[in-house]
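Enquirer:
Protein chains in written order, with the working numbering: chain W, 889 to 1373; chain R, 889 to 1373.
#1: Counting Cβ pairs, one atom from each stretch, are 3 or more of them under 8 Å apart for the segment 1164–1173 of chain W and the segment 1128–1142 of chain W?
#2: Note down, in chain order, every chain R residue with its Cβ under 7 Å from the Cβ of residue 1066 (chain W).
#3: Helix, strand or coil: how does DSSP classify residue 1148 (chain W) here?
#4: In whole angstroms, give me the CA-to-CA distance for residue 1327 (chain R) and residue 1102 (chain R).
#5: Near residue 1333 (chain R), what residues of its chain come up, given a Cβ to Cβ distance below 6 Å and the 5 sequence neighbours on each side ignored?
#6: List the residues of chain W whose Cβ lies closer than 7 Å to the Cβ of residue 1001 (chain R), in chain order.
#7: Of the residues that make up the segment 1146–1175 of chain W, which ones have a beta carbon closer than 8 Å to any beta carbon in chain C?
#8: Assuming residue 1213 (chain W) contacts residue 1221 (chain W) (C-beta within less than 8 Å), just tell me the rounded distance between them.
#9: Does the separation of the CB atoms of residue 939 (chain R) and residue 908 (chain R) fall below 7 Å?
#10: Is residue 1114 (chain W) close to chain R? Criterion is C-beta to C-beta, closer than 7 Å.
#11: Quick one: residues in its chain with C-beta nearer than 8 Å to the C-beta of residue 1237 (chain R), no 5 flanking neighbours on either side, listed in chain order?
#12: DSSP three-state label for residue 1016 (chain W), please.
#13: Kindly say whether residue 1081 (chain R), judged by its beta-carbon, lies nearer than 7 Å to any beta-carbon of chain W.
#14: Going by beta carbon distance, what residues of the same chain come within less than 8 Å of residue 1308 (chain R), once the five residues before and after it are set aside?
#15: Measure the Cβ-Cβ separation of residue 1206 (chain W) and residue 1050 (chain W) and say whether it is below 7 Å.
#16: For residue 1191 (chain R), I'd like the list of residues in its chain whose CB is within less than 7 Å of its CB, leaving aside the five on either flank, ordered along the chain.
#17: Could you have a look at residue 1223 (chain W) and say whether DSSP puts it in helix, strand or coil?
#18: Going by C-alpha distance, which of R:1089, R:1096, R:1161 and R:1108 is nearest residue 1145 (chain R)?
#19: Select from W:931, W:1276, W:1032 and W:1235 the residue whose C-alpha is nearest the C-alpha of residue 903 (chain W).
#20: Should residue 1271 (chain R) be labelled buried (16 or more other beta-carbon atoms within 10 Å of its own) or exposed?
#21: Between residue 1125 (chain W) and residue 1157 (chain W), which are expected to be in contact by the criterion C-beta below 8 Å, what is the C-beta distance as a whole number of angstroms?
#22: Pairing CB atoms from the segment 954–963 of chain R with CB atoms from the segment 991–1001 of chain R, are three or more of them under 8 Å?
#23: Which ranges does the beta strand (DSSP E) cover as unbroken runs of at least 3 residues, wholly within the segment 1077–1118 of chain R, from first to last along the chain?
#24: Using a Cβ-Cβ cut-off of 6 Å (strictly less than) and excluding sequence neighbours within five positions of residue 1063 (chain R), which residues of its own chain qualify?
#25: Looking at the structure shown, is residue 1393 (chain R) part of a helix, part of a strand, or coil, going by DSSP?
#26: Compare the C-beta of residue 1383 (chain W) against all C-beta atoms of chain R and say whether one is closer than 7 Å.
#27: Once the 5 residues before and after residue 1032 (chain W) are set aside, which same chain residues still bring their CB inside 8 Å of it?
#28: Within 10 angstroms of the Cβ of residue 905 (chain W), are there 16 or more other Cβ atoms? Answer buried if so, exposed if not.
#29: By Cβ distance, which residues of its chain are closer than 8 Å to residue 1084 (chain R), with the 5 residues on each side in sequence left out?
#30: At a Cβ cut of 9 Å, what residues of the segment 919–940 of chain W count as close to chain R, listed as they run along the chain?
#31: Which stretch, first to last residue, makes up the alpha helix (DSSP H) that contains residue 1054 (chain R)?
#32: Can you pull the DSSP bridge partners for residue 1344 (chain R)?
#33: Could you tell me the boundaries of the alpha helix (DSSP H) in which residue 1156 (chain R) lies?
#34: Which class does residue 1121 (chain R) belong to by DSSP, given the choice of helix, strand or coil?
#35: I'd like to know whether the C-beta of residue 1020 (chain W) is nearer than 7 Å to at least one C-beta of chain R.
#36: Mind checking residue 1373 (chain R): buried by the 16 CB within 10 Å criterion, or exposed?
Next comes the structure, spelled out in structure tokens:
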């Protein structure tokens, strides 16, 4: 639209340029009515004739059209309508050398909203296993009931109905929590964020699992905290002997652990280890921030306990959410902040004031009226099968030397590629074949997991086997390219 | 329930104690079914007979009851059912000497969810002026349509539909924004929080209006930022001459201003002042964080411009929300972070990942399909009338020497009491008469506004005149008590 770069000497040409710019960026789309001449005139303190002249200029250029008795409308033009529907170019053509971890995380997360991609990237649950329609209907019913109207204020802690249901779920994980002490958050991310702000100051050192969920790294990075990686045993989670010796050598302000089905490993810390860890940290007065987002998705008979169940003095901050097992998009998490409860309430007010009420009420009603345990049993069985299938499929199609995790819960698998394969190259190649995945770079502060990838095994479609095969082929190609150098 | 303090020597007694505790804290309420004996046995790794014995102990004590073929249920008991419905005692009996500003803010905000109180405290809009039912119905329709299911992931930036509508509103305030650059937030609070984190580090100095909205002080406090108070002219907002001289003397990292209808003063910075301020700050490379939450509630003919409309190089971060003029409870705000956009996107992911989609879609549909400008006109007229009425009423009923603001927009009034009246005493006395208000302590870091109060004039009922009269009488009593000392 270079014809619209007008000299700014005339007021009407400046206005015409502004309006054209707004049309170009999609603020006003083809068919939309533009603000009335009078409205613009008053707002911008321009004369009616200046605004008219601006609109007529745009009309002359074929950008807008006047409709009698109605006003000015944006004309249909190829350019303007294509701009919004095209997939974003920025997701593609990633260059390893230009990588910034924060950007890479966002790209992988943004891939999750691209309907055309095979979703091995973000840890998205399987739609068909979730009571999505039922939850939406409950939300709709709550909204229509008028019990809560949109102007109403909530409290920093959230709806008592949901806090009661959350405490019931926690009771089945061994923790007796007081609903009055719980705080509803915008997903588990906000819970982790608030927990870390409550117990740490910028520059502090926080012990984390290695590998760990990239969301935890992002929160640490955004708060200016440093990470101390504690290696994980592939079946038992964080190595307590190493943790202990690190705590003796460094001033650690907090420990963050996904105790049940750690992401990406899928391993579960044995309950007796949790007990030991809670006692060790309590003795040293170092808070444990426990993320139990996968706890209910155990493949075995028994839902493992939370470390919080061994806590005697409020030293464990438990962070949970319904994102993995019910409704990621509702953004409803919750936390018990132990002895930092008052501080976390203050921080919640200063971060988001309160969380939307209707999603909380819909979830509370669903949890109260049942069906959750039934849905969970189905999820557990299915995810156990799908992670096993995908693991087998990876071993079948990927280059020799590839190894896969065999998780005890959750729905992701962790794949170790031959050393020659860089996971960022594979991510890039995968994208150009329409497949997204989570490169290993995301799971530690350094490039320690350069040749690892995490695959989401939750979503299974007719494309799944093909996509794994394709990735395996691409990995093989990257390997031989590397060998030929 | 002292009979339930059992010796812990027996496993079943320990379990009985735990279950009784959960009943006492309302996790399981009268009539609720308790987890099955088998479930508890598996979870807690106790024998079936131990769990049965625990349940039977509680049955013997009349706490729970067995129903044939169905399980164990909590019995109806006076105690347990009263616990949740009672108003919280903690809101009352506030002691001035024990005050912590953070707690006081939370108390005033929590008052807003107490249905029994006359709401002069938090800046709640008037329910009857808002399209509450329509918005809830739109939300319900969006939910039922299944267009977005609860398991779906959103992007850090939010729904394009809403961002386009937000850019249109901004265009009417003089700013041409690119919807692709906007970020949807959990209310304006999250927007301010993200903006301050993007441009400041803990310990930095931030210039703010004096008096200012307490939410801004809370965000500053929670981020470890220091505040530099710039006095406000009662009709023109922040004094630019004083700002300038302060910027010469101190290292200020950011300026935060509610440019249109500053809260609590209700004054509007003249557009030419905004222009000057933007130029001054751009020259000095100090970012302006503009909070325009009240901009659409102008009493005059014309909606004032945003300072962002004078910005040429992305130095102004504009923070807005639909909380005051549409739906406080939806928690939907938005921001244009200027040259900090990429940084703010990263911070958004690390703070709350993304915002719930359905409230965004409902708001976008409402804004698209119209009725908003009509509703706004009604709000403006009504709030102009109500703030004037309440101001007159205060002058009529409060002790001589009381002064009130006369706002040009928004819906709060700022009241200067005679020096003898402490606003915290008046808050306390008001509460015991069933009236909440915002004491002046909240509006500056120090006790500078000790004898000021902010009154919300939006909500008018048959009690309003009585409540103002009552407060005036209480203020008079406090005054004479002070004089007699």
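Note that the Cβ used here is the ideal one computed from N, Cα and C, for glycine as well.
Here the structure is a predicted model, which means the values were calculated and not measured.
Expert: For this structure:
#1: By the C-beta criterion, the segment 1164–1173 of chain W is judged to be in contact with the segment 1128–1142 of chain W, since at least 3 inter-stretch pairs fall below 8 Å.
#2: Under the 7 Å cutoff, chain R gives 913.
#3: Residue state, collapsed to three classes: strand.
#4: Cα-Cα distance, rounded: 10 Å.
#5: Listed in chain order, the non-local C-beta contacts of residue 1333 (chain R) below 6 Å within the same chain comprise 1115, local neighbours out to five positions each way being set aside.
#6: For residue 1001 (chain R), the neighbours in chain W by C-beta distance under 7 Å run, in chain order, 1041, 1042 and 1043.
#7: The structure shown has no chain C; the protein chains it does contain are W and R.
#8: Not quite, the Cβ-Cβ distance comes to about 12 Å (not below 8 Å), so this is no contact.
#9: Taking 7 Å as the cut-off, the Cβ atoms of residue 939 (chain R) and residue 908 (chain R) do not count as close.
#10: Chain R places no beta carbon closer than 7 Å to that of residue 1114 (chain W), leaving this residue out of the contacts.
#11: Hits under 8 Å: 1044.
#12: Correct three-state label for residue 1016 (chain W): helix.
#13: Any Cβ of chain W closer than 7 Å to the Cβ of residue 1081 (chain R) would place that residue at the interface, and such an atom is present.
#14: Here the set comprises 1339, 1366, 1367, 1370 and 1371.
#15: In this structure, residue 1050 (chain W) does not lie closer than 7 Å to residue 1206 (chain W) by Cβ.
#16: Same-chain partners within the cutoff: 1060, 1061, 1183 and 1184.
#17: Three-state result, residue 1223 (chain W): strand.
#18: Out of R:1089, R:1096, R:1161 and R:1108, R:1096 has the C-alpha closest to the C-alpha of residue 1145 (chain R).
#19: Of the candidates W:931, W:1276, W:1032 and W:1235, the one whose C-alpha sits nearest the C-alpha of residue 903 (chain W) is W:931.
#20: Here residue 1271 (chain R) is buried: its Cβ has 16 or more other Cβ atoms, across all protein chains shown, within 10 Å.
#21: Confirmed, Cβ separation roughly 4 Å.
#22: Taking a cut-off of 8 Å for Cβ pairs, the segment 954–963 of chain R and the segment 991–1001 of chain R do not touch, as fewer than three such pairs fall below it.
#23: 1093–1098, all fully within the segment 1077–1118 of chain R.
#24: Closer than 6 Å at the Cβ level, and outside the excluded window around residue 1063 (chain R), lie 1194, 1196 and 1197.
#25: Any property of residue 1393 (chain R) remains undetermined from this structure, which presents chain R solely from 889 to 1373.
#26: A question about residue 1383 (chain W) goes unanswered here, because the residues of chain W that appear run from 889 up to 1373.
#27: Excluding positions up to five away in sequence, the list is empty.
#28: Buried: at least 16 other Cβ atoms inside 10 Å.
#29: For residue 1084 (chain R), where only same-chain residues beyond five positions count, the Cβ hits under 8 Å are 1094, 1107, 1108, 1111, 1113, 1142, 1144 and 1177.
#30: Only 920, 923, 927, 928, 930, 931, 932 and 933 from the segment 919–940 of chain W bring a Cβ to less than 9 Å from some Cβ of chain R.
#31: Taken as a continuous stretch (DSSP letters only), the alpha helix (DSSP H) holding residue 1054 (chain R) covers 1048–1060.
#32: DSSP lists R:1300 as the bridge partner or partners of residue 1344 (chain R).
#33: No alpha helix (DSSP H) holds residue 1156 (chain R); DSSP gives it neither H nor E.
#34: Assigned with DSSP and collapsed to three states, residue 1121 (chain R) falls in strand.
#35: Yes - at least one Cβ of chain R is within 7 Å of the one on residue 1020 (chain W).
#36: With fewer than 16 Cβ atoms within 10 Å of its Cβ, residue 1373 (chain R) is classed as exposed.
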